[in-house]
Structure formats: C-alpha cells, structure tokens
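*Asks:* Residue numbers (the working numbering), protein chains in the order written: chain G, 1 to 360; chain W, 361 to 720; chain L, 721 to 1080; chain H, 1081 to 1440.
Structure incoming, see below.
Protein chains: 4
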Amino acid sequence: MPAPHVPVEIREFIEPELPPGGALLRTALSEVCGTDVHLWHGRLSGVPYPIIPGHVSTGTLEAVRGTLTDAEGRHLHEGDRVAFFDVHRTCGRCLACTAHRTPTRCPSRRVYGITDSAADGLFGGWAQKVYLEPGVVIARLPDGVSFESYIGGGCGLLTAVHIIERARLTLGDTVVVQGAGAVGMSAAALARKSGAGQVVVVGAPQSRLDLAKQMGADVVMNIDATPPAERLARVLDLTGGIGADVVIEAAGSARAFEEGLALARNGGAYVIAGHYTNVGDSTVNAHEHINRKHLDIRGCWGSEVGHFLRAIEVLARYHDEIPWHLIGARTFGLGQINDALSIAASMAVPKALVDPWSDA
Amino acid sequence: MPAPHVPVEIREFIEPELPPGGALLRTALSEVCGTDVHLWHGRLSGVPYPIIPGHVSTGTLEAVRGTLTDAEGRHLHEGDRVAFFDVHRTCGRCLACTAHRTPTRCPSRRVYGITDSAADGLFGGWAQKVYLEPGVVIARLPDGVSFESYIGGGCGLLTAVHIIERARLTLGDTVVVQGAGAVGMSAAALARKSGAGQVVVVGAPQSRLDLAKQMGADVVMNIDATPPAERLARVLDLTGGIGADVVIEAAGSARAFEEGLALARNGGAYVIAGHYTNVGDSTVNAHEHINRKHLDIRGCWGSEVGHFLRAIEVLARYHDEIPWHLIGARTFGLGQINDALSIAASMAVPKALVDPWSDA
Amino acid sequence: MPAPHVPVEIREFIEPELPPGGALLRTALSEVCGTDVHLWHGRLSGVPYPIIPGHVSTGTLEAVRGTLTDAEGRHLHEGDRVAFFDVHRTCGRCLACTAHRTPTRCPSRRVYGITDSAADGLFGGWAQKVYLEPGVVIARLPDGVSFESYIGGGCGLLTAVHIIERARLTLGDTVVVQGAGAVGMSAAALARKSGAGQVVVVGAPQSRLDLAKQMGADVVMNIDATPPAERLARVLDLTGGIGADVVIEAAGSARAFEEGLALARNGGAYVIAGHYTNVGDSTVNAHEHINRKHLDIRGCWGSEVGHFLRAIEVLARYHDEIPWHLIGARTFGLGQINDALSIAASMAVPKALVDPWSDA
Amino acid sequence: MPAPHVPVEIREFIEPELPPGGALLRTALSEVCGTDVHLWHGRLSGVPYPIIPGHVSTGTLEAVRGTLTDAEGRHLHEGDRVAFFDVHRTCGRCLACTAHRTPTRCPSRRVYGITDSAADGLFGGWAQKVYLEPGVVIARLPDGVSFESYIGGGCGLLTAVHIIERARLTLGDTVVVQGAGAVGMSAAALARKSGAGQVVVVGAPQSRLDLAKQMGADVVMNIDATPPAERLARVLDLTGGIGADVVIEAAGSARAFEEGLALARNGGAYVIAGHYTNVGDSTVNAHEHINRKHLDIRGCWGSEVGHFLRAIEVLARYHDEIPWHLIGARTFGLGQINDALSIAASMAVPKALVDPWSDA
C-alpha cells in the first residue's frame, strides 16, 4: 500500500537475514479487516507509508535462527503451524506499561501492517513471507485449530477477549452487543461462553445477524428494520423493564454510543470498543445516562499479549463449537487485493481473507 | 416547603407516638444544601409537597421507645449525640439491592426531607424534632466530633465517601476535583487522606478555593480567572504531560463533564457525581476521549448505609485535621429559612446551616 | 428433628394465620443435604431443636395474604410454581450487611430448616406446607425449569454461584474442583459455562465423577484410585507445568485444603467453600504456597439473595444443558425420612430428596 | 560475598565499557536488608556466588552512553541524582508477565545483588560504582528527597507499595501490621497515608515500635511484653469486637501467620508479605479462619516496576511527613561490611546502610 487512496501494488522484497531469535513465517492466511480499509482511506495518522498491510496473520515457520520459544518456554521449530501477536516493541518500562497497567497505550509499541513501514522489512501479512523479529510473541496453533478458524477470529477475536475482560460478566447477565462485524460477532460468542443469560446482537445486514446467531446470539435485531425506540423497547422487554446488564459497543457509530447508554440498566456496564477511528461527536446527558444510572463506561483500546494468548486458549477449547471460520467469508490472492479491499469497504462480507500464495 | 417557588412556611406538627424501635431526635443542626435549592426550584420530580426539608441532620436523642441499637449492636440511649442516615426503607430484596449491588437505585428507598411528605410526619431536619422510624440507621457521634463538624461534612461528605470508593485511588495519584462545593471539598479532603500524590481543585469563587486548600487541595484553579485551555495545560504540566490519574466531577455542569474527559489520562478514571439534576447535554467524542483513552467513566449515585458509617469513622479519625466545620459558613433559625435558601441559591456560601431552636 | 442423634419424628402442626405479605407454600420437593446430616450429628452450634429440616425447598403457592411480589416487583399468585431463599431476616443495617458487604455474616440472619425452631412455625421443607413470612425472597420458577431441576441444584447451586463470583474466572482458565458432591458438581458445571478452558474434578466415588462429567467436567480424578502425587502431576501436565488458574475447594477435608494449595499456579486463586464444619487443622507453608506463589485464597461463606436470583437465571438458561435433576438421585416420603438421612450420611447418593406428600 | 557463611571480601573490578543505553552509577548509599542476611546464611537457592550484594541503591549518574530516559521519557544526564529498579530482564512475553499479570513471577527476571553474579559485572550496590545495563528502569530523585530518605525506604518501601495495592484499603479501615522491620514500618506509614482509621503495629523491640509510631502507627504492641491472647483482645477492643479490616503480615514467622488469621474480621483481608524464606509450617483451621470468616488471604511477592515508580511519587509527596531516613539507622563503609551484616542479622537496627566511599 504505497499511500492512501491509491491502488495497492505488488512489490518484491529481498528475504531478510535473520538475527538470533528471529524467524520467517510462510504466510498461510492474513486478513482484510476494517483497519485496513481505514488505512486505505487515510483515516489513521502517523502511518509510515508505504506499508505491507495485514496485521493479523498465520502460517508455518519457514526458518528459525537460534532458539525460539513460545510464552510457556516451549521450543518452536521450522514447520510448526503458528500465529504471532502483531503488537511488538511494547517497552515494559514506561508508565503506561507499568504503573498504569495499560500497555496498549505504550508510546513505543508498534503494530505489524500498521505502524511498521515496508522500508523496514516484511512487517505485514499481505506478503508470502513475514519477518518475525526477536521478541515477537509466537504461539503454536493447537491441534484441531485450522488456519481458517484462527484468521476468522483474527484481530476481532483478540479485541473481543479484551472486551470480555473489561465487561466482567456475571452468570445470567443479559448482554447487548452493538455491531455485527468481526469484533461484535466474537464478542457475542465469548459473552455466550462466559455465562451470559441472553446475548442480543444489534446490527446489519441480515446475513451477518444470521451468522451472529450461529456464533451464539440468542436474539438479533436488524437496525435497518427496527427503529431505535423499538430496539429499546425490546431490550426492556427481555429484561423485565430493567435494561441490559452489559452493553458492548462494537459498531463504531456516534449514534450507537448514544443508544447504548439508554440500553444499559442502572449500575450496568458499557464497554466502548468500536470507536477505533473518529466518527464524530455524540450527545450525552450525564445526569440521565451516567450519574443517575450509576453506570460504568469502560473504553477498551487494542489488545495485549495476554489477550492473544487467551484467544489461543479459547480457540483450543471452542473451535468446534463456534464457527469462526465462517467469518472469513472470501479469500483473495495478492493479485485481487484491491478487490478484497473494495469488498471489505462495502461491508459485503464480515471479513475478507488474503492467501498470498493463491492466484485466485 | 409547601410547594416549589413559594416561600417556606413555619408550621406546627403534633409530636408522634413512637412505635417500638422508634425514636425522636432533638435537632441541633440541619443543612441547606444544593438539593434543597433544587427542591425549592421544583427541579426534582415526584416530590410529595408539602415536605419538611433537611435531609441530613444531627442532634440529641430526646426519646427512645424500646431497644435501639447502632450498626455494631450497641445500645443507644436518650441524651446520646447522634446522626442518622437519611436514606431509609431500602428494601434489601429487589434486584438493585441484591444481585446488582446498587442499593442507591432501589425503587423503594425513601429519603428524609426529599421523598417523605410532611403529611407522613416529621421526616426532615428543618424542624425542632425529627421522627426516626424503626429501621433508620443511627450512629453515635464519636468523642470530639462536634455537631458543626458532622453537619459541615453532611451529605457532601457521604457522597464523597462513595466517590472515593468508586475512584479506587492508588498511592501517588494526581486527582482533579471539578467543583468547590460541599461535595467537591470533601472529595478533595478524602482524596488527600487516601494517598493522592497531588489534589487539584477546579472551581469558584476564590473564597471556596481558599477553603479547599485548607481541606487538603494542593493546587486550585479559579474557573473565573483561568480559561479551559489553560486549565488543561496546567494539569498536563503537573503530570508530566500525561493527564490526571483520577478526575472527580462534582460541578454539575455539562461543560465540566466535557472538560473532565480531556483532563484524564489514558487508562484513568472519571467519577461523575455532580449531575444530580439535569443540566443539559454534553458533546462527547467517544473515539478521542473514551475508546482510545481506554478511560473508565463511573457514575456515582447517592450513598449507602456503609458510606454513612464510613463517614463517621472518617470524622472520628480526621475531625481535627480537616476543617469540615468551616463548610457550614452561616447558621439560620427557622424564621430566616427563606434567607438561608436564597443565600444557598446564590452560592455565596458553600453551605448554610439550620438551627431550628435558634431565633437568629 | 427433635434433637441430634435421635430419629426424626413426624409431627402435626396447626396451619399458620398469614399476616399481610405472608404466604403458604405447598411443598413439592425439599432436599436432604450434607447440612442436614451435620444437624443430625449435632455438629452445628446454636441450633434451636426441635427443628423442621429442609432449608432449600420448592413447590406451589397455596395461600397468599395481601400483595406478594418477586424481586423484580412482579405479583405472585396462588398456584404459582416458586422457590424461596431460605436465608431471611438479614438486617441490612449492621456493618456486615453494609460497610463490609458480607451479608452472609449478618448476626441477625436466620435460615429455614437450620436456625428456625419448630416452635416458631413451619420453617422447614420436610413438611407438607412451609410458612413464608413477610420479607422472604420468592421467585417464580421459569418455564421449563422443573421442581426436580431446581431442587437438584438446590443449596449446592446457590453456593456454586457464590463460588464462581469469588473465583473471577478468565476465559480459558483451567479450573480444578475438589469434591464431587452437590456443591462441587454445580461449581464444575458453572465453571464450564463461565468460559473455563478445562474443568478438572477431583473426588469420589466413580458414580459421582461420571455425573460430574455429564455436568461439564472435562477431566475427573478418582481420589480412591489416584494418589495425591499423581493428581498433582496430572494437573501440572494439563497446564504445561504451571498449575491450575483456579482451584475450588468443595470437599470439606483438611487434606484437600493442603492439596489445593499445591495445585494452584503462581498468582492463581483458591476458593475455600467446603469447610462448612470444622474437620480439623491443616498444615500450611506460608512461604511456599502463599507468599512466593502470590496466591489469592478466598473464603466463601453461604449465599446472598443475589446468588439465589442468579441461580434462577442460570436455571432458566441452562436447565436443558446441565442435568441438575440427576443430582437428586432418590426421593423419599416423610415416612422414610430416617432412611433418607442414613443414605445421605453414607454418601451413597449426591443428594436425597424429600417429597412430603409421597408415601413412598 | 564469595559464598555463604564466609566473610565478605573487598575486591577490585574493571570499570565496564558501556553499551548504548547503559550507564554507570556512582553509589551514594546501598542497604543491608534482611535479604542480604539470608544470602549470607545461604537460605536462598540458586544464587550465583560470588555476588556483589546490595539490591537497592541510589547515587549519581557518573557516565551515560547514548540516550537514557526515565519512565516518562525524560532524558537523564550525568550528574543526576537517581535510583534504579533492581529487578531487570523481566521478559514481558511469558504467561506470568502477560496473561497472569504477575511479572514478579517471571522466570527470566533477575535482581541486582541477588541473582546476578559478580562474574557478570558490577550488579550490586556494595560497590563504589554500579553498572546500569540497558533496560534497567531509572528514576530521578525528586527535589527534596535525600539519598537517606530513599534508601531508608529502600526495598521495604517498594514491597509496602505492593502490599498496600494488594490490601485495597477503604477509608476508615483498621489495619494491623505484623512486624516492625523495614517492610512493616513502611506498610504502616502507607496504610496511614491511604486513609486507614487506625494503624496497629505488632512487633519488637520497643525502639522499632517507637519509630513505627513516628512513621504513622496509632497503636503499637510489643510481642515481648504482650502475650498473643492479650493482643487479640486488644484488637477486638479497638474494633468493637469485630477484628481488623486488614491484616498485613511482614514478620516472617509461622506463628505470626496463625495469629493474623485470628486478628482479621469476617470478610476482611490478610496480605502475606513477610514469608520471603521458608520459616516452617503453620497450623490453620480452614473452617474457622478462612471459610466461615469469608476471609481473603493474598500472597504478595516482590515488586514490579510500577511499585518502584509509585514509591518515588510517594517519596516526592511525603518525604517531609514520614521519617524514612530514620529507618537506616547506621551507615558503614566497605571496610566494615561484615560488621554491618552482623548487626543486621542481630536485628539491632531496622536497617544498616552502606556508603562504599566512606572509610568509617
């Protein structure tokens, strides 16, 4: 991706010399997620174009120099099926990393496919090979977890693990998820697996809502067919007039934020995770929706190493119960990458995949 | 107070027959707080006028029928100097009281001087005697705690105890308190006593800010003299460019809510406690101030029995270090009660007191 | 139960006059749980014998005087299938109820079938009718939840809801449950539904472990067949050498407590819920198992109204996925009640049920 | 320190070549704490003797190579008065560092003066110069904070910051601290500054208890003069018969652990921080002291970067209110280092200091 607003080009790079502790991944699948559309539209600041997009990717270790271990200290070998955590160079020393316990706000952190320039090397998954520099956290895919399942979850699953941690569900809670994209669907699935009493997904289009039900939603509401007042009435009806215990915003809309404040019950929790970019201002009545409601609103930014590792655990346990592989609806080769971006931008599929070895 | 917008009248009531477990308080001091001004201006809904205002009060037990005990099971006797928790009839059985752990949202709860009608009896402190019905939580004032100290803290202190609980301070935190009224001043004092590294109070007029410094503020900013951009710059300067760890909203202004979102650091906490009434909408950018900031916003409504009991502990320990008695700047007799309300409404004093036995 | 160590007798009582807000339950099923065996063996102090045992019970409302509502304020009527919370008269005013937020330690609280004397009335479920005094928390059984499911869960389910709250599971956690009784089995089921990665149950006999697998356990270990060292090795093997994230003690054995300390990982959590009575001292090395391990040990006593209400939500959602009805293996009439106690004492069944209208 | 049980020797080392990001500290003061006595007695396993002891130290930056910044990104320069965090090489990638959020249990972490061999370089404060390798966290001492104040706090202050975090005090809590050493005294001081209602220190000898009062204790009990039953009675008396809200174990004795379980109230918290080495087993009744008490026991191991940074904040705010400089009672030169160890071992002083440039 040479710059925003221009077509993505195929370029050749020299294979890197590996330093000790470095590795080379042969990419099996990478993803085209909403962030890549934002990158293409130039909505993120400070991006060092040209970049190789594709922050979350999976594949096979093609080359390893020296000793490489996973988070539990087990050795990794060439040929292993692995995934890696795209966020790297988190410093571990700054206030954000330490006293504040918000490593996702570390100023030194870099992200594959987003903040790493193509000039620095193969730091993105829309490439046949990805350079895993020393210190990148790598995990072996558990038996039974396919590349398709991992990448179907992808960055949305990692964010959803973080969301669920912030949501602190209690058994029997009614959870409303706003948004039926990759984040919303994984959040709905994990809310279901975390003991929610009922999971309601509010979004569009209908095809995604149908998939959300397969992922674990009990009730879905199509925002194209149901006006806001009716949605509120429905949630109140489902909760004995009380409102949702937990609302999860994964919609990225200023109106959704306003609506979520009304859907939550007194003393409930509202996790804001979909405002990855600036989509404008919301109008909020602090008396009615925050103070009197005794509401907790919790912003949720990015994900940490621990969320990546938890996501692997979740896939190990639930890969056959939750159809993550259905989220990645279509796969594209590098030759069709601009089509993939267009389709992702049109929201026709929840997520497009990239197989850089395919000529499809 | 026969109705909103009309003068308060002095009326005589028949002394109640005490049921077993009931008591009669001889009022020493009650308060005129912002809530009473709201009641006078008709800004609260569902108030059963006529009412006897004065929700927080203190005095001496004049009559006790049967056995009366405090929260620790110790007997209370006629002549004891006591305070009582104005919130009563919290049911302990509904979802709010139990599964949700938000008893301040219990639909059955009633509040002396606010939701109790004068037709029901002496349920307010702007009276020479107050009826303490069975079940009202009563605490003996510790030795050394004067009526003036207790009532100077008053409902603001109880709210501040709740705020500090919600704020979950860590040693060394920079705390910004918005508002220099009774709530803000007690919040500043308690933040200081809870291990804050620096406490900043933003408010007006200067006389209150001077008192806030006596209460424990390290830095004060006069909103009449310092424009918002300068206030933000000052907070950033005090925190190495990072922002406040905790912001406490005790100002009751839509603009204050917007400003507080900017003052908090990434991963910080913002407690909203001043929007007791509807003062209009705020404009919020969920991306910039909540999601990307990974911010926690916590509404804080009313106070619980536990906060009342903690407030008594706090007074026992700190009554000689924190000048709560200075918050209640002027005392009025019942004959001057309309003057007291006018002065409170003008914000000329942080809090006016009522001594119903005084003819001053 | 006239006294400890003597046979239970069948006695007739006069049907109570209902006060406003009171009700009479026609008992469908009550339970014989470990607590009843303790009562029979005289292991609990302060019990006002004679008592009518049966603390957790369910049935149909036979008579209601005045208005009766559930926790959400919905009216209850004669003929409704209901359950009630056996803990009543929790005061809501003492330190335990308020500032300490530990209502299960309220000194005023009373429990049906345990701390209520038969001299006071029909306060126990081993009776054809149970008196529900005003203030007792009553919930309608949701559609599809049978009496058998509710009572199969019974007091063990309520305790398990409390345990899971204390355990604060994170997605993917390995949870070890010590004990395969009614509490342990419900805890295993709820850990599974709360997102555990793997649930291990350690107990005996094999029949209970088989049922534990039906309830949701992934791995079971029979303590009669597997020595402690092997159990530890197995848990380490299941967790990459790290130990369990969460251990739940529901065994009531001094050795189990010692073993659980070794099974938990560094920084893990250990919930102690099975030591309802004194079974002797344990030997603990505070350096090795608490300090260096940075372990959290959390005692868990009784259950609160909120846990009862959550249990009803859990049954509503999961009654067809978790076979609680299989825990209550055998049902006895009042004529066979001493047999029921003997069988419960022998631990031949996880739980015996009482149908006071049956002549079986 | 060539090995356990032999005298410490003075050796000369070659001044290290600094890599980029490395620095050399001219030591002003280091400490002789209980850990050094343990090292001398060979009670810690895996120590790579010979070592240069002195894990916590402070001084002036003598040489800096390349760019050196503190945790807030501010540049550090030669001549700056600094302290550094002795724990280094925490990996930030393993389960302990990430998913478990227990970085003090990271298997890669190393500690100056304890786990770093003298063969590796100047990794200890009992030397005129200390090598600060790249990645070590360094903080400038705030204005007004003397070397004596910093080192008087020392590792005990860092541990105390961690303890207070684990203790989660509420305003007005009664806190009992077991142990009047460097950890206990700092814990008492910080409990006082965190809003405790009363702070009780239990320990010996009297001189330390006197200092504990200067640090902030309200009540002290000399264990040589007061038998355990009397201590329990006193704590009950101070708390209306209820017990301490929070107990902090900083005594390192098996009996202290047993006693602390009895001193805590129902639903209280007990932080175990003094069992740094194995001092034998304790006898615990899980029914009486954990389960029925609904107690939280929280192990507390080591300290994290964030605790170091918080400690600096605490010193900045409170250095003139809390006499940390009095904890380091006597200062020794390198020539007297064996005397310093003997005195520390005899517990005659709370802490001995080392000034490696002194010939005293």
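Beta carbons are placed, not taken as given, at the ideal position from N, Cα and C, and that holds for glycine.
For R1220 (chain H), which of H:D1325, H:Y1230, H:R1190 and H:P1214 has the nearest alpha-carbon?
*Replies:* On the fourth sequence, position 140 is the one that residue 1220 (chain H) refers to. Residue H:Y1230 is the option with its Cα nearest to R1220 (chain H).
*Asks:* Counting Cβ pairs closer than 8 Å, one from the segment 73-80 of chain G and one from the segment 28-43 of chain G, do we hit at least three?
*Replies:* Result no; under three Cβ-Cβ pairs closer than 8 Å.
*Asks:* Expressed to the nearest angstrom, what Euclidean distance is found between the alpha-carbon atoms of G181 (chain G) and V967 (chain L)?
*Replies:* Translated into the one-based positions of the first sequence, residue 181 (chain G) becomes position 181. Translated into the one-based positions of the third sequence, residue 967 (chain L) becomes position 247. Rounded to the nearest angstrom, the two C-alpha atoms are 36 Å apart.
*Asks:* Against A254 (chain G), what residues of chain W qualify as contacts under a CB-to-CB distance less than 8 Å, listed in chain order?
*Replies:* Along the first sequence, one-based indexing puts residue 254 (chain G) at 254. Ordered by position in chain W, the residues that pass the 8 Å Cβ test against A254 (chain G) are A646.
*Asks:* From this set, H:D1304, H:A1409 and H:R1345, which residue's C-alpha is nearest L1320 (chain H)'s C-alpha?
*Replies:* Position 240 of the fourth sequence, counting from 1, holds the residue named residue 1320 (chain H). A small correction: the amino acid at residue 1320 (chain H) is Gly; Leu does not occupy that position in the sequence shown. It is H:R1345.
*Asks:* Which of the three DSSP states is assigned to H77 (chain G) in this structure?
*Replies:* Within the first sequence, numbered from 1, the residue matching residue 77 (chain G) stands at position 77. Looking at H77 (chain G) - three-state DSSP - the assignment turns out to be coil, as it is neither helix nor strand.
*Asks:* Hey, V1255 (chain H) and V1282 (chain H): beta-carbon distance below 8 Å or not?
*Replies:* By 1-based counting over the fourth sequence, the position of residue 1255 (chain H) is 175. By 1-based counting over the fourth sequence, the position of residue 1282 (chain H) is 202. No, they are not a contact pair.
*Asks:* Roughly how many whole angstroms lie between the Cα atoms of P1130 (chain H) and V1191 (chain H)?
*Replies:* For this step, residue 1130 (chain H) is matched to residue 50 along the fourth sequence. For this step, residue 1191 (chain H) is matched to residue 111 along the fourth sequence. Each residue's alpha carbon lies about 14 Å from the other.
*Asks:* For I1090 (chain H) versus H1135 (chain H), is the C-beta distance shorter than 8 Å?
*Replies:* Here the question's residue 1090 (chain H) lines up with position 10 in the fourth sequence. Here the question's residue 1135 (chain H) lines up with position 55 in the fourth sequence. Against a cut-off of 8 Å, the Cβ pair of H1135 (chain H) and I1090 (chain H) comes out as no contact.
*Asks:* Check whether chain L comes within 8 Å of E165 (chain G), counting only Cβ atoms and requiring the distance to be less than that.
*Replies:* If you number the first sequence from 1, residue 165 (chain G) lands on position 165. Chain L, which has a Cβ nearer than 8 Å to the Cβ of E165 (chain G), makes this yes.
*Asks:* Just to confirm the assignment, what range does the beta strand (DSSP E) spanning I608 (chain W) have?
*Replies:* Taking the second sequence and counting its residues from 1, the one referred to as residue 608 (chain W) is at position 248. Unbroken beta strand (DSSP E) run through I608 (chain W): A604 to E609.
*Asks:* Using the Cα positions of T1182 (chain H) and L1175 (chain H), report the straight-line distance between them to the nearest angstrom.
*Replies:* The sequence position of residue 1182 (chain H) within the fourth sequence is 102, counting from 1. The sequence position of residue 1175 (chain H) within the fourth sequence is 95, counting from 1. Their Cα atoms are separated by approximately 8 Å.
*Asks:* Anything in chain G within Cβ reach of T890 (chain L), meaning under 8 Å, just list it in chain order.
*Replies:* Counting from 1 along the third sequence, the entry for residue 890 (chain L) is found at position 170. Those within 8 Å of T890 (chain L) in chain G are E165 and R310.
*Asks:* So for R1378 (chain H), helix, strand or coil by DSSP?
*Replies:* The residue given as residue 1378 (chain H) occupies position 298 in the fourth sequence. Strand, per DSSP.
*Asks:* My guess is that I682 (chain W) and P710 (chain W) are in contact by the Cβ rule of under 8 Å, so how many angstroms apart are they, rounded?
*Replies:* Your numbering for residue 682 (chain W) matches position 322 in the second sequence. Your numbering for residue 710 (chain W) matches position 350 in the second sequence. 14 Å between Cβ atoms; not a contact.
*Asks:* Looking at C-alpha atoms only, which residue of H:A1425, H:G1259, H:G1348 and H:P1214 is the closest neighbour of P1099 (chain H)?
*Replies:* Taking the fourth sequence and counting its residues from 1, one reaches residue 1099 (chain H) at position 19. The option with the nearest alpha carbon to P1099 (chain H) is H:P1214.
*Asks:* Under 8 Å, Cβ to Cβ, is there at least one residue of chain L near H1085 (chain H)?
*Replies:* What you label residue 1085 (chain H) is simply residue 5 of the fourth sequence in a count that begins at 1. Not an interface residue.
*Asks:* Taking the alpha-carbon of A196 (chain G) as reference, which of G:Q206, G:E259 and G:D218 has the nearest alpha-carbon?
*Replies:* To locate residue 196 (chain G), count along the first sequence from 1; it is residue 196. Closest by alpha carbon: G:D218.
*Asks:* Please check if any C-beta of chain W sits within less than 8 Å of the C-beta of L55 (chain G).
*Replies:* Against the first sequence, residue 55 (chain G) aligns to sequence position 55. Checking the sequence shown, residue 55 (chain G) turns out to be His, not Leu. Chain W contact via Cβ: absent.
*Asks:* Give the DSSP-derived three-state secondary structure of Y112 (chain G) in the structure shown.
*Replies:* Here residue 112 (chain G) corresponds to residue number 112 of the first sequence, with the count starting at 1. Three-state result, Y112 (chain G): coil.
*Asks:* Chain W beta carbons: is any one of them nearer than 8 Å to that of A743 (chain L)?
*Replies:* Residue mapping note: residue 743 (chain L) aligns to position 23 of the third sequence, counting from 1. Judged by the 8 Å Cβ criterion, A743 (chain L) is not in contact with chain W.
*Asks:* Starting from the N-terminal side, write out each stretch of the beta strand (DSSP E) that is 3 residues or longer and does not extend beyond the segment 896-974 of chain L.
*Replies:* Counting only runs of 3 or more, we get 918-923, 939-942 and 964-969.
*Asks:* What residue from W:A610, W:R615 and W:G516 has the CA that sits closest to V560 (chain W)'s CA?
*Replies:* As a first step, residue 560 (chain W) is located in the second sequence; it is residue number 200 there, counting from the start. The residue with the shortest Cα to Cα distance from V560 (chain W) is W:A610.
*Asks:* Taking the runs of the alpha helix (DSSP H) that are 4 residues or longer, which of them lie wholly in the segment 754-789 of chain L?
*Replies:* With a minimum length of 4 residues, the continuous alpha helix (DSSP H) runs that stay inside the segment 754-789 of chain L are 754-760.
*Asks:* Hey, quick one: how far does the alpha helix (DSSP H) through F1388 (chain H) stretch, first residue to last?
*Replies:* Here residue 1388 (chain H) is taken as the residue at index 308 of the fourth sequence, counted from 1. V1385 to Y1398 is the span of the alpha helix (DSSP H), which, as asked, contains F1388 (chain H).
*Asks:* Once the 5 residues before and after Q1286 (chain H) are set aside, which same chain residues still bring their CB inside 7 Å of it?
*Replies:* Here residue 1286 (chain H) refers to the residue found at position 206 when the fourth sequence is read from its first residue. These residues qualify, in order along the chain: N1302.
*Asks:* Heavy atom of the ligand SAH less than 7 Å from the Cβ of S186 (chain G), yes or no?
*Replies:* Judged by which ligands are present, the structure shown has none, so any question about the ligand SAH falls away.
*Asks:* Pull out every residue of the segment 806-832 of chain L whose Cβ sits closer than 9 Å to any Cβ of chain H, in chain order.
*Replies:* Result list: L815, A816, A819, H820, R821, T822, T824 and R825.
*Asks:* Given a cut-off of 8 Å on the beta-carbon distance, is the pair R317 (chain G) and L353 (chain G) in contact?
*Replies:* As a working mapping, residue 317 (chain G) is identified with position 317 in the first sequence. As a working mapping, residue 353 (chain G) is identified with position 353 in the first sequence. It is not a contact, given that the beta carbons lie outside the stated cut-off.
*Asks:* Using a C-beta cutoff of 8 Å, does A803 (chain L) count as contacting chain W?
*Replies:* Working through the third sequence from its first residue, we reach residue 803 (chain L) at position 83. No, A803 (chain L) lies away from the interface with chain W (no Cβ there is under 8 Å from its Cβ).
*Asks:* On the three-state DSSP scale, how would you describe S642 (chain W)?
*Replies:* What you label residue 642 (chain W) is simply residue 282 of the second sequence in a count that begins at 1. Reduced to three states, the DSSP call for S642 (chain W) is strand.
*Asks:* What are the start and end residues of each continuous beta strand (DSSP E) run of 3 or more residues lying completely inside the segment 843-880 of chain L, in chain order?
*Replies:* The segment 843-880 of chain L contains these whole beta strand (DSSP E) runs: 849-852 and 858-860.
*Asks:* Report yes if the C-beta distance between P1187 (chain H) and I1392 (chain H) is below 8 Å; otherwise report no.
*Replies:* One-based indexing of the fourth sequence puts residue 1187 (chain H) at position 107. One-based indexing of the fourth sequence puts residue 1392 (chain H) at position 312. No, they are not a contact pair.
*Asks:* If you check the beta carbons only, do N651 (chain W) and W301 (chain G) fall under 8 Å apart?
*Replies:* As a position in the second sequence, residue 651 (chain W) is number 291, starting the count at 1. As a position in the first sequence, residue 301 (chain G) is number 301, starting the count at 1. Yes, they are a contact pair.
*Asks:* Assuming the contact rule is C-beta atoms closer than 8 Å, F147 (chain G) and T58 (chain G) should be a hit. Round their C-beta distance to whole Å, please.
*Replies:* Along the first sequence, one-based indexing puts residue 147 (chain G) at 147. Along the first sequence, one-based indexing puts residue 58 (chain G) at 58. With 8 Å as the limit, F147 (chain G) and T58 (chain G) qualify as a contact, their Cβ atoms being about 5 Å apart.
*Asks:* Going by CA-CA distance only, name the one from W:I602, W:G439, W:D533 and W:R552 that's closest to L623 (chain W).
*Replies:* Here residue 623 (chain W) refers to the residue found at position 263 when the second sequence is read from its first residue. The shortest C-alpha separation from L623 (chain W) is found at W:I602.
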